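J.: The structure that follows is given in the form of structure tokens.
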Amino acid sequence: MSRNFPAINGLAASLRQLAGLSGSRSSSAGEARLYLQRALKAAAEERFDVALVFCGKALDVEPGNLGARLLAGRLYDHARGDVDRAVEAYRKVISLAGYDESNPYCAAARQALDALVATRSPASLSEACAPKS
803 MSRNFPAING
813 LAASLRQLAG
823 LSGSRSSSAG
833 EARLYLQRAL
843 KAAAEERFDV
853 ALVFCGKALD
863 VEPGNLGARL
873 LAGRLYDHAR
883 GDVDRAVEAY
893 RKVISLAGYD
903 ESNPYCAAAR
913 QALDALVATR
923 SPASLSEACA
933 PKS
């Protein structure tokens, strides 16, 4: 799994940059932002389970937090190797972003999903990428 750590650290830097784009300043958004910062720090320290817990807390406070969803997807993908949850997280980011390619979270989720599909065998992804009912 050590091959995946640079991807997580690169994501942390990207999410910090994207966090500056957030226009929401409500108290729940501020609380979610703090949880996301803690998740990023835990991910940078390779404490991936803790990072996922903080992502979950951010999403409990602000379900539409695209940064927390994107980070969770990356953690499931790179740190845990859980393709199903990674695909679900990336698809949710894309959906919540309104399929808007100009949204940096949507673009990052699409890129991550494309990379995930490119590195997996078609048989292993056929079920993971099938639309859920």
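Okay, so the sequence shown: first residue is 803 according to this note's numbering, each after it adds one.
The C-beta atom is built at its ideal place from N, Cα and C for all residues, glycine as well.
As the structure is a computational prediction, the values presented were derived from the model and not from experiment.
1) Does the Cβ of Ser844 have 16 or more other Cβ atoms within 10 Å, making it buried, or fewer, making it exposed?
2) Looking at C-beta atoms only, is the number of pairs between the segment 867–884 and the segment 906–924 that lie closer than 8 Å three or more?
3) Can you give me the start and stop residues for the alpha helix (DSSP H) that Tyr907 sits inside?
4) Take Thr921 as the anchor and find which of Asn867, Ile896, Val885 has the nearest alpha-carbon.
5) To the nearest angstrom, report how far apart Ser904 and Val895 are at their CA atoms.
6) What does the alpha-carbon distance come out to for the pair Ala846 and Tyr837?
7) State the CB to CB distance for the pair Leu877 and Phe856, rounded to an integer number of angstroms; the pair is presumed to be in contact (CB under 8 Å).
8) Which same chain residues, not among the five before or five after Arg887, have their C-beta less than 6 Å away from its C-beta?
9) List in chain order: all unbroken alpha helix (DSSP H) runs of 4+ residues lying wholly within the segment 851–913.
10) I need the straight-line Cα distance from Leu861 to Ala881, nearest angstrom please.
11) Return the Cβ separation of Ala834 and Val863 in integer angstroms, given the expectation that the two are a contact with Cβ distance under 8 Å.
12) Leaving out five residues on either side along the sequence, give the residues of the same chain with a beta carbon under 7 Å from the beta carbon of Gln899.
13) Is it buried or exposed, Gly832, if we count other Cβ atoms within 10 angstroms and call 16 or more buried?
14) Using C-beta distances below 8 Å, list every residue in its chain close to Asp902, excluding the 5 sequence neighbours before and after it, in chain order.
T.: Let me spell this out:
1) Here the sequence assigns Ala to residue 844, which means Ser is not the residue at that position. Counting Cβ neighbours within 10 Å, Ala844 comes out buried, since at least 16 surround it.
2) Segments in contact, yes.
3) Annotation for Tyr907: the continuous alpha helix (DSSP H) segment containing it runs 906–921.
4) Of the candidates Asn867, Ile896, Val885, the residue whose Cα lies closest to the Cα of Thr921 is Val885.
5) If you draw a straight line from the Cα of Ser904 to the Cα of Val895, it comes to about 13 Å.
6) Distance between the alpha carbons of Ala846 and Tyr837 is about 14 Å.
7) Rounded, the Cβ-Cβ distance is 10 Å, inconsistent with contact.
8) Sequence-distant partners of Arg887 (beyond 5 residues in either direction) whose C-beta falls short of 6 Å from its own C-beta, in its chain, are Tyr878.
9) Correct list: 868–876, 885–898.
10) The alpha-carbon atoms of Leu861 and Ala881 are separated by roughly 19 Å.
11) Cβ-Cβ separation between Ala834 and Val863: approximately 5 Å, consistent with a contact (criterion under 8 Å).
12) As written in the sequence, residue 899 is Ala, which differs from the Gln given in the question. Cβ within range, chain order: Leu868, Asn905, Tyr907, Cys908.
13) Counting Cβ neighbours within 10 Å, Gly832 comes out exposed, since fewer than 16 surround it.
14) Excluding residues within five positions, the ones whose Cβ falls inside 8 Å are Cys908.
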